[in-house]
Every structure is written in structure tokens, then in C-alpha cells.
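Student:
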Amino acid sequence: MRSLLKKNTAYLWSPEIDAEFNHARKILSSPLLVQPFDPSLETHLLTDPAKKHGLGYGLIQYDTPRVYKNIWDELSLIDDGNEGYLLTWGDRIVIPHRARNEILSRLHFSHQGLTKTSLAAKSSYYWPGMNNDLKTLIASCTACQKYQASQFSEPLQSYTLDQTFPTQLMAADLFDFTGINFLAIVDAYSGLAKSAVKNAKMLLRKCKESDTDFSAALHEFRCLPRPNSLSPNQLFFGRQPRGLLPTLVPQDVPLDPTLLQNRNLAKIKNNQQTDESARLLTPLLPGTAVLVQHPVSKIWGQTSIVLHPLDNGRSYESECSISGKRFRRNHKFIRKFIADDALTHDLNIPGSISSLPVPHTSPPPLLVRRSSRISQQTKK
Ligand SMILES: [Zn+2]
């Protein structure tokens, strides 16, 4: 039809052009593009005046043709022979606004992450902003939020990095092993502060298993050199005390000071490497609703409200929405709660289009649902 607008072309209305015209008219007047006016949506009035013969206009609401501009020429309309139309782009069905929530629910039926879900969606469907809707859907799924992994560890703060002599900074932590309380104290200069409790617990467990004396095992643990470093005893005392292992060279001689210098350099480098796997998390503002990961079950179940940051923003004091109990947790174990009404596609607009192909065994209509327990919590 466009050929008729070219210069030096005879204006001939052929049967082919007539068919094209009717097809275009069908697309433009199809229920996929012409929908009941919704006063709650942003509306644009597009106008196009002709020199003498009046004014054309269109009342446009959200994803009407403007947002399909880039793919407009590749869209097709399939007539289902029953007053219904399916708008397609290649092999993909263009999903109208009202059917999107249903398609999104079905896409997330198996509760998979964005990568897989997005691949599935892109192979069959299209709508503007589809990937963002998938992101929101997955982020706000109650079940997926509940079973997420812990957040990333945040980078170590500098005070844990720059000790240059023993006892400059000591760290202490309480832990429980078989019902007995232990206090682990570690010199940050050893570079083992981060994993002190983990190491101590593991050693206790193995000593119990092998019926070994824990104090003797701990002494040997302190005598063992570390990769690119020295043994904790060498670092702390500047020499290696006698242990279980017979050696040719006497061990209790003072260390060559350059060994310590080299070790300090290696330690800084090592800490920088550890930091590369860490991520800075987006700070949480007071009043933010968060989910808290249970330390044992690892389930993100408890909803709480952030009160204020602690430890330079690495931890937060929060208050449980149900019990009102206050507690502090590292940011790794709390994350922003996203309510499952985050998607705004309204399924309840009258005149909703139902011409989508429906599989023979339809899944239940509403698949992403908040558990009653959580919804009770959030009502408070
Ligand atoms: Zn899910």
C-alpha cells in the first residue's frame, strides 16, 4: 500500500492493495489494539491535522502501537476464525496487558530463576518490558524469597586488614559445641580471625571423633605453617615452639625479620583477593521491611523492620513484626522483603481478552500466592 505514496506512481487500487487495506484495518480495529478506555491509566491524545479536510486523532493508553514502533513491520495478526485475533512477532505471541499476569504465573510455575525463565519467555512471548516484569515477579515470589541463599559477604573493613604486629587487634566470639559454651579469642594478626569459630568447631568435632586431646591438637594447629605465611605461633611469638614433630633445625630460634615483612605483604594481597569475591550490599534504610534468614534452617521466614545500622552499616538492629523482639544481624542474613503484589497488571479489567491458546491441562489460575502465615505477619 505504501508504494501508492511514492512519487511518479500511478494511483491504482488493485485487489492486492484492497486485501492489504482490509488486513491493516482488521489489525487496527482488533481487540488487541482497541480496548475499553481505562480512566486509571496515563492517556495521550495524538493528533494529525490534514490541510483542509479535518483532524485525525487517537486516544492512546500505555502499550498501544507507539511502544511497538521498532517491530511494527514484523507484526502479524492471526485470525482464529471466531472473532478472536492473535498478534504475533515471528514465533512469539504478543501478550496483551491483561493476559500478562497469567502468562507470568505460568512461566514461574516451576519457581526457577531469571535466566531460565527469561529464556522460556523469549522463545514464546513478547511484550514491552517483559524482562522487567519477570524480574519483579521472581523477586516478589514468596516461596523463592523464603529459600534464597544467604546474601554476599561484604568486603572486610580496613581495621581487619592492617595489623602489623601481634595483639594489635584481638577478636572474640562465643560459640556452642555439644551444649558446652566456648569463647574463641583470636589475634587478628594471624589472619585467621574470620574463620576462628569455624576452625575451632571443626577441630573440636574431629578431636571428639578421633578421641584426641583438644589442647594438644590446638597446639599443633598453631605450629603448622600457613600457605604464603608462617605458623600462628611464629607470628605471635616470633619463633616456633616445640611441638610433636621432630626436626633437624632447632625450632626455638628467633625468626628472620624479613620473613615477617614478606608475610605482611602477602597478607595484604591475600585480603585483597578475598575482597574480590565480596560485594557491597545496598544499605537498608530504617523502616524497611526485611526478611531474616534463620541461622539453622537457612529459611528466609521472619519479617522484621529495620531500626538502624550497626558496625558501620555491616549489621542492622531490627524488630520482629510479630513478637516485637529486637535483634542484630549481619546484612548477609537480612534482605529487603518484596511484597507479591509488586506487579501491576490488572487481571480484573472488564472485557479481558481470552483468545490466548490455553493448554489442555491448565495449571490452577493463581499460582504465585503468599502463604497465610506470611500474610498474617505483614498485616501487623
Ligand atoms: Zn517462585
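First residue of the sequence shown: 1, per UniProt numbering; consecutive thereafter. Ideal Cβ positions, reconstructed from N, Cα and C, are used throughout, including at glycine.
1) What separation, rounded to the nearest whole angstrom, lies between the Cα atoms of Pro295 and Val249?
2) Would a C-beta distance cut-off of 8 Å place Ala184 and Asp176 closer than the cut-off?
3) Is the distance from the Cβ of Val290 to the Cβ of Arg326 below 8 Å?
4) If we ignore side chains and look at the alpha-carbon of each, how far apart do Pro225 and Tyr125 end up?
5) Label Thr282 either buried or exposed according to how many other C-beta atoms from any shown protein chain fall within 10 Å of its C-beta, with 16 as the threshold for buried.
6) Could you please give the first and the last residue of the uninterrupted alpha helix (DSSP H) stretch that includes Leu114?
7) Taking just the CA atoms, how far does Leu285 sit from Arg222?
8) Please list, following the chain, all residues that have a C-beta closer than 5 Å to any non-hydrogen atom of ligand 1.
9) Return no unless some Cβ of chain D is closer than 8 Å to the Cβ of Leu45.
10) For Arg239 versus Leu255, is the C-beta distance shorter than 8 Å?
11) How would you label Ala188, buried or exposed, when you count the other beta carbons within 10 angstroms and need 16 or more for buried?
12) Do you know whose CA, among Ala278, Ile27 and Ile322, lies nearest Ser153's CA?
13) Which of the three DSSP states, helix, strand or coil, is assigned to Asp18?
14) Please return the same chain residues whose Cβ sits closer than 6 Å to the Cβ of Ser354, not counting the five positions on each side in sequence.
15) Taking Asp173 as part of the beta strand (DSSP E), name the residues at either end of that continuous run.
16) In angstroms with no decimal places, state the Cα-to-Cα distance between Lys206 and Arg328.
17) For His108, does the three-state DSSP call read helix, strand or coil?
18) Which of the three DSSP states is assigned to Leu356 in this structure?
19) Excluding five sequence neighbours on each side, which residues of the same chain lie with their C-beta closer than 7 Å to the C-beta of Ser352?
Tutor: Here's the rundown:
1) On the sequence shown, residue 295 is found 295 positions in, with the first residue counted as 1. On the sequence shown, residue 249 is found 249 positions in, with the first residue counted as 1. Distance between the alpha carbons of Pro295 and Val249 is about 47 Å.
2) The residue you call residue 184 lines up with position 184 of the sequence shown. The residue you call residue 176 lines up with position 176 of the sequence shown. The answer is no: Cβ separation not under 8 Å.
3) Residue numbering aside, residue 290 sits at position 290 when the sequence shown is read from its first letter. Residue numbering aside, residue 326 sits at position 326 when the sequence shown is read from its first letter. Result no, Cβ atoms of Val290 and Arg326 do not sit closer than 8 Å.
4) On the sequence shown, residue 225 is found 225 positions in, with the first residue counted as 1. On the sequence shown, residue 125 is found 125 positions in, with the first residue counted as 1. Roughly 59 Å between the two C-alpha positions.
5) In the sequence shown, counting from the first residue as 1, residue 282 sits at position 282. Around the beta-carbon of Thr282, fewer than 16 other beta-carbon atoms lie within 10 Å, marking it exposed.
6) Taking the first residue of the sequence shown as 1, we reach residue 114 at position 114. Segment Leu114 to Ser124, the alpha helix (DSSP H) holding Leu114.
7) Position 222 of the sequence shown, counted from the first residue, corresponds to residue 222. Position 285 of the sequence shown, counted from the first residue, corresponds to residue 285. Cα to Cα, the separation comes out at about 43 Å.
8) Chain-ordered list of matching residues: His111, Cys141, Ala143 and Cys144.
9) Structure shown: chain D not included; a single protein chain is present.
10) Position 239 of the sequence shown, counted from the start, is the residue given in the question as residue 239. Position 255 of the sequence shown, counted from the start, is the residue given in the question as residue 255. At the C-beta level, Arg239 and Leu255 come within 8 Å of one another.
11) Residue mapping note: residue 188 aligns to position 188 of the sequence shown, counting from 1. By the 10 Å Cβ count, Ala188 comes out buried.
12) Translated into the one-based positions of the sequence shown, residue 153 becomes position 153. Nearest C-alpha to Ser153: Ala278.
13) Your numbering for residue 18 matches position 18 in the sequence shown. The DSSP-derived three-state label of Asp18 is helix.
14) Taking the first residue of the sequence shown as 1, we reach residue 354 at position 354. Annotation note: pLDDT 38 at Ser354 (below 50); position unreliable, coordinate value reported separately. Excluding sequence neighbours, Ser354 sits near nothing in its chain.
15) Here the question's residue 173 lines up with position 173 in the sequence shown. Looking at the DSSP string, the run of the beta strand (DSSP E) that includes Asp173 is Met170 to Phe177.
16) Mapped onto the sequence shown, residue 206 falls at position 206. Mapped onto the sequence shown, residue 328 falls at position 328. For the pair Lys206 and Arg328, the Cα-to-Cα distance works out to about 31 Å.
17) Taking the first residue of the sequence shown as 1, we reach residue 108 at position 108. Three-state result, His108: coil.
18) Residue mapping note: residue 356 aligns to position 356 of the sequence shown, counting from 1. Residue confidence is low: Leu356 scores 38 on pLDDT, short of 50, so the model does not pin down where it sits. Its coordinate-derived value is still stated next. In this structure, Leu356 counts as coil in the three-state DSSP scheme.
19) In the sequence shown, counting from the first residue as 1, residue 352 sits at position 352. With a pLDDT of 35 at Ser352, under the threshold of 50, the modelled position of this residue cannot be trusted, and the question is left open.
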